[in-house]
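Asks: Following the working numbering, the numbering of the sequence shown begins with 1 at its first residue and continues without gaps.
I have a structure I would like to understand better, so I am pasting it below and will then ask my questions one at a time.
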Amino acid sequence: MSKKTIELTEAEWPVIKAVWENEPCTAPLVQEKLFKATGWTYSTVRTLMDRMVGKGALKARKEGKATIYNSLITRKQAQRSELFYALKHAFNGAMTPMVQCLLESTDVDANELAKIEALIRDRKQRRQIKSRGRNI
Numbered sequence: 001m002s003k004k005t006i007e008l009t010e011a012e013w014p015v016i017k018a019v020w021e022n023e024p025c026t027a028p029l030v031q032e033k034l035f036k037a038t039g040w041t042y043s044t045v046r047t048l049m050d051r052m053v054g055k056g057a058l059k060a061r062k063e064g065k066a067t068i069y070n071s072l073i074t075r076k077q078a079q080r081s082e083l084f085y086a087l088k089h090a091f092n093g094a095m096t097p098m099v100q101c102l103l104e105s106t107d108v109d110a111n112e113l114a115k116i117e118a119l120i121r122d123r124k125q126r127r128q129i130k131s132r133g134r135n136i
């Protein structure tokens with residue numbers, strides 16, 4: 001699947017999470033799963049889900065009288081889109097201040113820092129290999 005860039009609204013996030021956890025699913029099932037946290041009616045959930053079909057986040061198919069929904073985007077694609085939205089709008093596309101903000105805003109334990117350092121080392125190695133390939 002391609003790396004779709006679909007920006008989800010604040011209201012669409014709980015819906016897509018419910019779909020991921022229950023797919024294939026129906027709007028009544030999603031409404032039931034979300035009701036305690038949101039108080040949303042069936043018509044609210046159905047409207048949100050139909051809008052998400054329109055923007056390419058969900059697909060819908062009819063089975064008798066029921067409409068069955070599946071996600072068209074993965075959790076990783078949605079997270080990536082959200083992250084790049086924040087990077088673009090809150091940090092003017094500058095990654096260093098965003099990472100600095102995250103590191104300073106949360107208590108990052110040694111294990112988490114080690115994982116981040118390993119990701120950076122891996123990325124550096126891949127860039128070096130890629131640049132060596134261009135120089136051949």
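From the three backbone atoms N, C-alpha and C, an ideal C-beta is built for every residue, glycine too.
Can you give me the start and stop residues for the beta strand (DSSP E) that K115 sits inside?
Replies: Note, K115: premise wrong, no beta strand (DSSP E); alpha helix (DSSP H) at 110-134.
Asks: CA-CA distance, Y85 and N70?
Replies: Between Y85 and N70, the C-alpha separation is close to 24 Å.
Asks: Measuring straight from C-alpha to C-alpha, what distance separates K143 and D122?
Replies: No information on residue 143 is available, as it lies outside the stretch 1 to 136 that the chain covers here.
Asks: Using CA atoms only, rank isn't needed, just tell me which of L113, K17, K76 is closest to M49.
Replies: Checking every option, the nearest Cα to that of M49 belongs to K17.
Asks: Can you grab the Cα-Cα spacing for the pair A11 / V45, in whole Å?
Replies: Distance between the alpha carbons of A11 and V45: 9 Å.
Asks: DSSP state of E7, grouped into three classes?
Replies: Coil, per DSSP.
Asks: Output needed for E23: all residues of its chain with C-beta closer than 8 Å, excluding positions within five of it in sequence on either side, in chain order.
Replies: Answer for E23: Y69, N70, S71, listed in chain order.
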